[in-house]
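In the UniProt record's numbering, the protein residues as written are 1 to 102. Note that the Cβ used here is the ideal one computed from N, Cα and C, for glycine as well. Since the model is a prediction, treat every value here as computed from it, not as a measurement. Some notes on the structure that comes next.
Spelled out as structure tokens, the structure:
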């Protein structure tokens with residue numbers, strides 16, 4: 001059974017880098033190579049068990065008209081945190097992020 005520490009590590013890992021997490025989950029474990037990040041603190045089966053059983057929404061109360069039902073709680077938390085952000089008076093912009101036209 002996964003512990004709270006395992007869950008917090010995995011959730012943080014998956015949220016911070018979902019593409020890497022997905023790719024690692026799909027690839028077989030090569031022999032003779034260094035351990036992956038999640039292997040350092042849990043087994044592959046435990047990792048897969050966490051991912052299969054990690055839910056943010058109650059399926060019994062599912063609203064069929066809402067296509068975002070499963071991820072809506074996460075989107076709402078993200079939206080709420082974005083609204084709390086108060087930018088400072090001075091902002092820094094990286095030149096490479098702005099397209100340059102001659």
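Residue i, DSSP secondary structure in three states
| i | result |
| --- | --- |
| residue 80 | helix |
| residue 97 | helix |
| residue 51 | helix |
| residue 68 | coil |
| residue 57 | coil |
| residue 87 | coil |
| residue 33 | Here residue 33 scores only 48 on pLDDT, less than 50, and its place in the model should not be relied on; the value that follows carries that caveat. Here residue 33 sits in coil by DSSP. |
| residue 38 | Its pLDDT being 48, under 50, residue 38 is placed unreliably in this model, and the coordinates cannot settle the point. |
Reference residue i; option with closest CA among the options
| i | options | result |
| --- | --- | --- |
| residue 71 | 87, 50, 49, 54 | 54 |
Close-in-space but distant-in-sequence residues of the same chain around residue i (CB under 8 Å, 5 per side omitted)
| i | result |
| --- | --- |
| residue 66 | 72 |
| residue 98 | none |
Residues of its chain near residue i, where Cβ-Cβ distance is below 7 Å and the 5 sequence neighbours each way are ignored
| i | result |
| --- | --- |
| residue 68 | 75 |
Sequence-distant residues of its chain with Cβ nearer than 6 Å to residue i (five each side left out)
| i | result |
| --- | --- |
| residue 63 | 69 |
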